[in-house]
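Encoded as structure tokens, the structure appears first; notes follow it.
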Amino acid sequence: MEMRRIDKIIVYSVFIVPVVLLFSFAIFNAIFGKSTQELIIEDNLSEHFHGTVDTLYRERNNHNTKYAEISDGYKYAISTLWERFIDVNDSLSKDSLSFKVYIYKPSGDTIILNYKDTYKK
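So in the numbering used here, spot 34 of the sequence shown is number 268, and the numbers just go up one at a time.
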């Protein structure tokens with residue numbers, strides 16, 4: 235059974251147009267979109283949390299990333315470079331639009347970590 239011309243146009247449109255649009259979107263973002271570095275910086279600046287570290291754990295499904303679960307319910311993904319500084323019962327504090335994470339130790343010591351130190355130079 236031979237398809238009519240209009241049927242062929244409809245079938246091709248249904249399958250080809252979405253693929254063309256998807257590739258066009260990907261190419262547009264690659265050329266005009268934000269770089270990975272810019273997206274990471276935006277994410278870091280938007281983070282906001284204050285609380286005590288209740289538990290530390292690793293998520294195997296997320297590249298074995300270490301997380302701190304904070305008393306306010308926030309799950310903080312710890313940079314590999316900072317893992318040694320954060321322990322259970324430490325207080326963590328970070329405000330939006332800041333690159334600095336403050337760690338208040340139970341002993342009274344304060345450690346200030348700066349996201350700018352984690353970026354590629």
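Glycine included, every Cβ here is placed at the ideal spot set by N, Cα and C.
Setting aside the 5 residues that flank it on each side, leucine 315 is surrounded in the same chain by Thr352, each with a C-beta closer than 7 angstroms to its C-beta; the list follows chain order. The criterion of a C-beta distance shorter than 8 angstroms is satisfied by phenylalanine 333 and lysine 350. In the DSSP assignment, arginine 292 falls within the beta strand (DSSP E) that extends over 283-293. Spanning the alpha carbons of valine 335 and leucine 273 requires a straight line of approximately 19 angstroms.
Using a C-beta cut-off of 8 angstroms, the region 296-316 makes no contact with the region 250-263, since fewer than three inter-stretch Cβ pairs fall below that distance.
Remark: C-beta atoms of serine 327 and threonine 286 do not approach each other more closely than 8 angstroms. Beta bridge pairing from DSSP links threonine 314 with no other residue. DSSP, read as helix, strand or coil, puts lysine 334 in strand. Nearest neighbour of tyrosine 291 by Cα position, chosen from Glu281, Lys300 and Gly267, turns out to be Lys300.
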